[in-house]
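Down below is the structure, laid out as structure tokens.
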Amino acid sequence: EEIVAVGAISSIAGCYECIEPQLSNLFKRETLSGDFMVINRYLVTDLARRGLWTERIRELIKRAEGSIQDIDEIPEDLRLLYRTVWELPMRALIDMAAARGPFLDQSQSLNLFIETPTIGKLSSMYLYAWEKGLKTTYYLRSRPATRIRQATVSSETSFTPNPNAMAAPTSAPTNPEICEACQ
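So this is what it looks like as structure tokens:
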């Protein structure tokens, strides 16, 4: 698969827009001509070869928001192969970026992903990247606090959100000079 740096152009060209693993095996692509669902075509091919690309599997993938890790009908070798960026250790992404580095004539835009970032996790991750010789990173991505309602997914049971699961909002320090994360 080829890499094209801009999302819209990469979609038109049938390429992927970055070097990271996919955010999800199923996602909505928004373009000027409309929105459409995109599913990892390699996953579809592998599931079809094994006779597993069924309506039930499609519904389970939708319900799991593109993850296949908890779908027992999918063999473990495919679950391992098609992990999303949220299901991989960032150490592995950093190691791969460090291994690519000597073959690049400029730099690379490495996005890093942490579902629930903390100062400790961030410090460890960025120190590890620095120790591996990375000169740059690009974005730090985290999961959104809310999930989109799954209007097109059939469900045998209704879902009731747990009000106690909501995190309390935190406020940023008013003086950035005392914020360790801002240094």
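Read left to right, the sequence shown gives residues 24 to 206 (my numbering).
Ideal Cβ positions, reconstructed from N, Cα and C, are used throughout, including at glycine.
In this text the structure is predicted, and so the values were computed from the model without any measurement.
In the three-state scheme derived from DSSP, where H, G and I count as helix and E and B as strand, R64 is classed as helix.
The beta carbons of R73 and W109 sit no closer together than 8 Å.
A straight line joining the alpha-carbon of D100 with that of G57 spans about 35 Å.
Taking the C-beta atoms as reference points, I117 is found no nearer than 8 Å to Y161. By the neighbour-count definition (other C-beta atoms within 10 Å, threshold 16), Y105 is a buried residue.
The Cβ atoms of I142 and L163 lie no closer than 8 Å to each other.
The beta carbon of D93 lies closer than 7 Å to those of A87 in the same chain, with the five residues before and after it left out. By the neighbour-count criterion, in which a residue is buried when 16 or more other Cβ atoms sit within 10 angstroms of its Cβ, A120 is buried. Counting only runs that start and end inside the region 100-132, the alpha helix (DSSP H) elements of at least 4 residues fall at 113-123. Of the residues assessed, T68 falls on the exposed side of the cut-off, its CB having fewer than 16 other CB atoms within 10 angstroms. Its Cα nearest to that of R64, the residue Q45 stands out among T139, Y149, K158, Q45.
If you check the CB distance, E96 and L127 do not come in under 8 Å. Between the C-alpha atoms of T77 and K51 there is a straight-line separation of about 20 Å. In this structure, the beta-carbon distance from L135 to L157 does not fall below 8 Å. Taking C-beta atoms as the reference points, I84 and N48 count as a pair closer than 8 Å. DSSP, reduced to helix, strand and coil, places K85 within a helical segment of the structure shown. Under DSSP, the beta-bridge partners assigned to L49 are I62.
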